[in-house]
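J.: Numbered by the working numbering, the letters in the sequence shown go through residues 360 to 532 in order. The C-beta atom is built at its ideal place from N, Cα and C for all residues, glycine as well.
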Amino acid sequence: AGAAIVNDISALRYDDRAMEVVARAGCPIVLMHAPSAKSDPHEGGTYAHALFDVYDMLAERIAACKAAGIAADRIIVDPGIGFGKGVADNLALVNGLALFHTLGCPVLFGASRKRMIGALDNEAPAEARLGGSVALHYQAAGQGAQILRIHDIAENRQALRVWRGLRDAALTG
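1) Can you tell me the Cβ-Cβ gap for residue 392 and residue 442, rounded? I've got them flagged as a contact below 8 Å.
2) Can you grab the Cα-Cα spacing for the pair residue 406 / residue 366, in whole Å?
3) Going by the beta-carbon positions, is the gap between residue 500 and residue 519 smaller than 7 Å?
4) Can you list, in chain order, the residues of its chain whose CB lies under 7 Å from that of residue 457, leaving out five sequence neighbours each side?
5) Rounded to the nearest angstrom, what separates residue 437 and residue 522 at their Cα positions?
6) Quick one: grab the DSSP three-state call for residue 371.
7) Tell me where the beta strand (DSSP E) around residue 390 begins and ends.
8) Please report the residue range of the beta strand (DSSP E) in which residue 466 lies.
9) Give me, in chain order, the residues of the same chain whose beta-carbon lies closer than 8 Å to that of residue 412; leave out the 5 immediate sequence neighbours on both sides.
10) Pop quiz: residue 388 and residue 435 are said to be a contact at Cβ under 8 Å. What is the actual Cβ separation, rounded to whole angstroms?
11) Look up residue 437 in the DSSP assignment and give the residues it is bridged to.
12) Under the three-state reduction of DSSP, which class applies to residue 481: helix, strand or coil?
13) Taking only the alpha-carbon atoms, compute the straight-line gap between residue 381 and residue 511 and give it to the nearest angstrom.
14) Of the residues 464, 497, 490 and 476, which one's Cα is nearest the Cα of residue 414?
15) Short of 6 Å in beta carbon distance, which residues of its chain neighbour residue 416, apart from the five on each side in sequence? Order them along the chain.
16) Are residue 444 and residue 404 touching if we call contact CB-CB under 7 Å?
17) Per DSSP, what kind of secondary structure is residue 506 in: helix, strand or coil?
18) For residue 476 versus residue 488, is the C-beta distance shorter than 7 Å?
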């Protein structure tokens, strides 16, 4: 038994034992940015520049993980769309997602049904956010996100396959 993967919304900041447990387990770790996982992880973010502030925090957490013996090839980063960020912050992260590749880790993108879609689409309820979710996933895929955390698997798979076909056809003429 044991963990196949650890997905920690605090990027291993809030439990002193977490880093040691992950290092011993030998499993991949998703380091997600959230400003305050101890209370409400969806609240509390204030940023001078969301893209760079989130990047800097994840860079620091990657360094801490490596120092604790977690192999670099087991680290995945997630900018934490919707966690302690306003719409403008989230849009900056979505549009600047490619920057996170310079951290040297796979990038996980999770924006399926997020509140920002509702904010951009006349407060559409979560169950009516498929179109917005797919649009965000296109943007993430276009910036090289390796992992997408989604709800509507069949619809997103089909949309991304068609998008890749269009992209590849355009590249080959």
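T.: Put simply:
1) Residue 392 sits at position 33 when you count from the first residue of the sequence shown. Residue 442 sits at position 83 when you count from the first residue of the sequence shown. Rounded, the Cβ-Cβ distance is 7 Å, consistent with contact.
2) Counting from one through the sequence shown, the residue named residue 406 turns up at place 47. Counting from one through the sequence shown, the residue named residue 366 turns up at place 7. Rounded to the nearest angstrom, the two C-alpha atoms are 24 Å apart.
3) Within the sequence shown, the letter at position 141 stands for residue 500. Within the sequence shown, the letter at position 160 stands for residue 519. Yes; because the gap between Cβ atoms is below 7 Å, this pair is in contact.
4) Walking along the sequence shown from the start, residue 457 turns up at place 98. Cβ neighbours of residue 457 beyond the five flanking positions: 502 and 503.
5) As a position in the sequence shown, residue 437 is number 78, starting the count at 1. As a position in the sequence shown, residue 522 is number 163, starting the count at 1. Those two C-alpha atoms are separated by around 23 Å.
6) Translated into the one-based positions of the sequence shown, residue 371 becomes position 12. Note: residue 371 maps to coil in three-state DSSP.
7) As a first step, residue 390 must be located in the sequence shown, where it is residue number 31. Counting along the chain, the beta strand (DSSP E) containing residue 390 begins and ends at 388–391.
8) Locating residue 466 in the sequence shown gives position 107, counting from the first residue. Premise fails: residue 466 is in no beta strand (DSSP E) and is neither H nor E.
9) By 1-based counting over the sequence shown, the position of residue 412 is 53. Closer than 8 Å at Cβ, skipping near neighbours: 406.
10) If you number the sequence shown from 1, residue 388 lands on position 29. If you number the sequence shown from 1, residue 435 lands on position 76. Rounded, the Cβ-Cβ distance is 7 Å, consistent with contact.
11) Position 78 of the sequence shown, counted from the first residue, corresponds to residue 437. The partner list for residue 437 (beta bridge, DSSP) reads 391.
12) Here residue 481 is taken as the residue at index 122 of the sequence shown, counted from 1. Correct three-state label for residue 481: coil.
13) For this step, residue 381 is matched to residue 22 along the sequence shown. For this step, residue 511 is matched to residue 152 along the sequence shown. One C-alpha to the other measures close to 30 Å.
14) Numbered from its first residue, the sequence shown carries residue 414 at position 55. Minimum Cα distance to residue 414 is reached at 464.
15) One-based indexing of the sequence shown puts residue 416 at position 57. Correct list, in chain order: 392.
16) Working through the sequence shown from its first residue, we reach residue 444 at position 85. Working through the sequence shown from its first residue, we reach residue 404 at position 45. Yes, Cβ-Cβ distance for residue 444 and residue 404 is below 7 Å.
17) Sequence index remark: in the sequence shown, residue 506 carries index 147 (1-based). Strand.
18) Stepping through the sequence shown from its first residue, residue 476 is reached at position 117. Stepping through the sequence shown from its first residue, residue 488 is reached at position 129. Taking 7 Å as the Cβ cut-off, residue 476 and residue 488 qualify as a contacting pair.
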